[in-house]
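Comments concern the structure below.
Number of protein chains: 2
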Amino acid sequence: MKFNCSHTDPKGKARAGEIITDHGKIQTPIFMPVGTAATVKGVHQRELKTEINPDIILGNTYHLYLRPGVDILEQAGGLHQFMNWDRPILTDSGGYQVYSLSANRKIKEEGVKFKSHIDGSYHFFTPENAIDIQRKIGADIIMAFDECTPYPCDYNYAKASMHMTHRWLDRCIAQDKKSPYLYGYKQTLFPIVQGSTYKDLRKQSAEFIASRDALGNAIGGLSVGEPAEEMYAMTDVVCAILPEDKPRYLMGVGTPINILENIALGVDMFDCVMPTRNARNGMLFTAHGTINIKNKKWENDFSVIDPEGTTFVDREYSKAYLRHLFTVNELLGKQIATIHNLGFYLALVRQAREKIIAGEFTSWKNKMVKQMDKRL
Amino acid sequence: MKFNCSHTDPKGKARAGEIITDHGKIQTPIFMPVGTAATVKGVHQRELKTEINPDIILGNTYHLYLRPGVDILEQAGGLHQFMNWDRPILTDSGGYQVYSLSANRKIKEEGVKFKSHIDGSYHFFTPENAIDIQRKIGADIIMAFDECTPYPCDYNYAKASMHMTHRWLDRCIAQDKKSPYLYGYKQTLFPIVQGSTYKDLRKQSAEFIASRDALGNAIGGLSVGEPAEEMYAMTDVVCAILPEDKPRYLMGVGTPINILENIALGVDMFDCVMPTRNARNGMLFTAHGTINIKNKKWENDFSVIDPEGTTFVDREYSKAYLRHLFTVNELLGKQIATIHNLGFYLALVRQAREKIIAGEFTSWKNKMVKQMDKRL
Chain A
66 MKFNCSHTDP KGKARAGEII TDHGKIQTPI FMPVGTAATV KGVHQRELKT EINPDIILGN
126 TYHLYLRPGV DILEQAGGLH QFMNWDRPIL TDSGGYQVYS LSANRKIKEE GVKFKSHIDG
186 SYHFFTPENA IDIQRKIGAD IIMAFDECTP YPCDYNYAKA SMHMTHRWLD RCIAQDKKSP
246 YLYGYKQTLF PIVQGSTYKD LRKQSAEFIA SRDALGNAIG GLSVGEPAEE MYAMTDVVCA
306 ILPEDKPRYL MGVGTPINIL ENIALGVDMF DCVMPTRNAR NGMLFTAHGT INIKNKKWEN
366 DFSVIDPEGT TFVDREYSKA YLRHLFTVNE LLGKQIATIH NLGFYLALVR QAREKIIAGE
426 FTSWKNKMVK QMDKRL
Chain B
66 MKFNCSHTDP KGKARAGEII TDHGKIQTPI FMPVGTAATV KGVHQRELKT EINPDIILGN
126 TYHLYLRPGV DILEQAGGLH QFMNWDRPIL TDSGGYQVYS LSANRKIKEE GVKFKSHIDG
186 SYHFFTPENA IDIQRKIGAD IIMAFDECTP YPCDYNYAKA SMHMTHRWLD RCIAQDKKSP
246 YLYGYKQTLF PIVQGSTYKD LRKQSAEFIA SRDALGNAIG GLSVGEPAEE MYAMTDVVCA
306 ILPEDKPRYL MGVGTPINIL ENIALGVDMF DCVMPTRNAR NGMLFTAHGT INIKNKKWEN
366 DFSVIDPEGT TFVDREYSKA YLRHLFTVNE LLGKQIATIH NLGFYLALVR QAREKIIAGE
426 FTSWKNKMVK QMDKRL
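For the record, the sequence lines run as chains A and B. Under the working numbering, residues 66 to 441 are what the first sequence spells out, in order. Under the working numbering, residues 66 to 441 are what the second sequence spells out, in order.
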């Protein structure tokens, strides 16, 4: 994997670049649609490609490990083959879902024992098998096994957890070094900065992570309930330390405004369930604010969903029709809203990239942030 | 509306023809995908057009009347505009759902009082307002208001009900004659033959219906639980009486085998929820039998869904992948299975048409019926 940071905003820290993987190029800044269980919910792979057009998508190790399981994925020749997606994929390490979904979990130095949220069976994730599992899934970018602390988090817990995440990272790196690739292409391991909302811990963690000289670095443990200002403060501290010539991935973030603000701080990669999950609840993001399509006010609004939208759903369906589909709980409603939201997110990061390259990012970002902060 | 029956099977009663409506041509025999609430569940309109390619779809008056309601549909300029579908549409009269879905209903000579299955509100359908409602919905083909008797049905009830359906038909015809079209194109009223599974009643009903000289005729009250042989016997009796120069529509039928057998008896049009509803439960129809994709046997079958299939899903996804999507209850599973099944149904009726035109229908039909009667 290579990263070429080609442009930096003259008035700030926003960057435009390109990541090169064995499955193709990723132009940054990028938003990665979440394909939890080998599917971006409600979207056909070819629609994803032609209408939304992300250079990379994300899969969740915890979910894929439980179902279909790594044996099936290995027999299929990896996740790309299994789901018929030939562009890059990133998988998380499973840690986040172990903490957020599993009812029962025990965190020890060795790893985390947890109970499946599906059938109650017990499983054990360690830094070593998190790498082994991700080898079998076969994503282009794989993540170190970490502990994602909740918000708020006691300082001492955050500190101890951060040190354990660092020790786990070294075990991940060792396992990654000694494990051959299974499908003929390379996988790149990203370490993760932790440290909760404490600047000194974030600084310490970023320095530790930077010292491991990985090909890309991630910032974890944010967008877990803290105020946006704290998130931005942490990103700012960390981005100042993480190497400039490596991509920076802010995990699990966020709203369109969060994304633009973090691009402004030097982040290159994002993922979040928000555009897809909120879509399924009838919430649409637009350049002029958010729409709750279930509201009665859209009942007889026969205008297209988003005249500025880039996907076919924006032009082919009306707000009144989409509102009806949500009222009667039809699958097509979720499908339409998902394509709209992901189309909007991807168009937004593509536009951010253009503005960075044109040297106009900061003023555009300030205008967009103001403009998007409304409920229509 | 015009019907041109261009070919008849030299060895039987199967016909190929073309219905011309103000929204375009319908090549027969045709299967009409069911778009209950202004959407074929899980399928984008443009996918329906390009991948499944039906010349006509069906909407349900009962559902559309309750939600979004005729006011919204009228404001939209009719159902075609509302759902962005520019090909022909047929609506049923609402009678069937009043009997099958509404918990509380009272049938009188005047009409049927029923309780909405959505909010418990009371409504009254009559032959007259069934026409008025269908005017506002705006389908190209509209159906007479009838009583669909259950199976089994007492002879005297079936006889009395049939006579009421005939009286209701004359009221529908009168209302249809005096009601102007609302959207600048014509709507054609189809009467419906009833008579349960009694040959003498079916004969009597078909003669009554034929005497009204409508532009197309329907056969109702079948596929309600009776053995297939009884269904075929009734279709046979009725088709011998209904005029040859008018299309014949067998309502609510059926399996691929039912469809081929009824084409053989002279039926031109079909609709059924089976391909879509069964798809959402993981049941796939193929030319070689049915597949329950949830079965463990497909877990590591990485072959494409249907090598003989005509849609993109048949080529782009594997059985193992589709099985996984059903296991984890992902929307995309229902979407894929629906497109496959509808694609299969439409390809089947297109092939039937080609075989009729080529004079090879009967032997092909016998082969296909045998071949499809398996569980894979």
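All C-beta atoms in this analysis are idealised placements derived from N, C-alpha and C, irrespective of residue type, glycine included.
Cβ-based burial, residue i [other Cβ within 10 Å; buried from 16]
i, result
"D184 (chain B)", "exposed"
"E175 (chain B)", "exposed"
"Y246 (chain A)", "exposed"
"P75 (chain A)", "exposed"
"I422 (chain B)", "exposed"
"E326 (chain A)", "buried"
"N221 (chain B)", "exposed"
"F189 (chain B)", "exposed"
"T115 (chain A)", "exposed"
"G331 (chain A)", "buried"
"C82 (chain A)", "The sequence as given places Gly at residue 82 (chain A); Cys does not occur at that position. Classification of G82 (chain A): buried, given that the 10 Å Cβ count is 16 or more."
"P372 (chain A)", "exposed"
"M323 (chain A)", "The displayed chain sequence assigns Asn, not Met, to residue 323 (chain A). Under this definition N323 (chain A) is a buried residue."
"K224 (chain B)", "buried"
"A283 (chain A)", "buried"
Listed by chain order, chain B residues near residue i by CB distance under 9 Å
i, result
"P119 (chain A)", "Neighbours of P119 (chain A) on chain B: none; closest Cβ ~16 Å, over 9 Å."
"A385 (chain A)", "P133, I137, Q140, A141, F147"
"F377 (chain A)", "H109, R111"
Pair within 8 Å by beta-carbon distance, residue i and residue j
i, j, result
"R73 (chain B)", "P312 (chain B)", "It should be pointed out that residue 73 (chain B) corresponds to Thr in this sequence rather than to Arg. Not a contact, by the Cβ cut-off of 8 Å."
"Y382 (chain A)", "N149 (chain B)", "yes"
"A329 (chain A)", "K430 (chain A)", "yes"
"I85 (chain A)", "I121 (chain A)", "no"
"C213 (chain B)", "Y161 (chain B)", "yes"
"Y263 (chain B)", "I198 (chain B)", "no"
"F409 (chain A)", "G374 (chain A)", "yes"
"F391 (chain A)", "G354 (chain A)", "no"
"G290 (chain B)", "T253 (chain B)", "no"
"E395 (chain A)", "A102 (chain B)", "yes"
"M339 (chain A)", "T351 (chain A)", "no"
"T341 (chain B)", "P153 (chain B)", "no"
"T450 (chain A)", "Q259 (chain A)", "Outside the modelled stretch of chain A, which goes from 66 to 441, sits residue 450 (chain A), for which no answer is possible."
"C70 (chain A)", "D278 (chain A)", "no"
"C337 (chain B)", "V318 (chain B)", "yes"
"G100 (chain A)", "A204 (chain A)", "no"
"H405 (chain B)", "V369 (chain B)", "no"
"A209 (chain B)", "L234 (chain B)", "yes"
"I202 (chain A)", "T104 (chain A)", "no"
"I358 (chain B)", "R388 (chain B)", "yes"
"T156 (chain B)", "I117 (chain B)", "no"
"A344 (chain A)", "L307 (chain A)", "no"
"N365 (chain A)", "A385 (chain A)", "yes"
"R132 (chain A)", "D333 (chain A)", "no"
Chain-ordered neighbours of residue i on chain A, where CB pairs are closer than 9 Å
i, result
"E309 (chain B)", "Simply none; closest approach about 39 Å."
"K114 (chain B)", "Those within 9 Å of K114 (chain B) in chain A number zero; the least Cβ separation is about 11 Å."
Beta-carbon neighbours of residue i, restricted to chain B and to distances below 7 Å
i, result
"E395 (chain A)", "A102, T104, K106"
"D382 (chain A)", "Just to set this straight, residue 382 (chain A) is Tyr in the shown sequence, not Asp. The contacting residues are N149."
Closer than 7 Å at the beta carbon, the chain A residues around residue i
i, result
"Y127 (chain B)", "Correct list: empty, because the minimum Cβ distance to chain A is about 12 Å."
"L390 (chain B)", "T104"
Neighbour list for residue i in chain A, Cβ cutoff strictly below 8 Å
i, result
"A162 (chain B)", "What sits at residue 162 (chain B) in the sequence shown is Gln, not Ala. Per Cβ cutoff of 8 Å: no residues; Q162 (chain B) is ~14 Å from chain A at best."
"Q400 (chain B)", "G107, H109, L396, Q400"
Quiz item: Taking a cut of 7 Å between CB atoms, which residues from the region 135-152 of chain A lie near chain B?
Solution: The residues in question are I137, Q140, A141, F147, M148, N149.
Quiz item: Of all the residues that make up the region 353-370 of chain A, which are near chain B by a beta-carbon distance shorter than 8 Å?
Solution: Per Cβ criterion, the list reads E364, N365, F367.
Quiz prompt | Interface residues of the region 402-419 of chain A facing chain B [CB-CB below 8 Å] | solution = Legend: CB atoms of the region 402-419 of chain A lying less than 8 Å from CB atoms of chain B are not found in any residue.
Quiz prompt | the region 136-148 of chain A touching the region 166-175 of chain A, judged by at least three CB pairs closer than 8 Å | solution = As far as the Cβ criterion goes, the region 136-148 of chain A does not touch the region 166-175 of chain A, which means the pair count is below three.
Quiz prompt | the region 432-439 of chain B / the region 392-401 of chain B touching (three or more Cβ pairs under 8 Å) | solution = No, the region 432-439 of chain B is not in contact with the region 392-401 of chain B.
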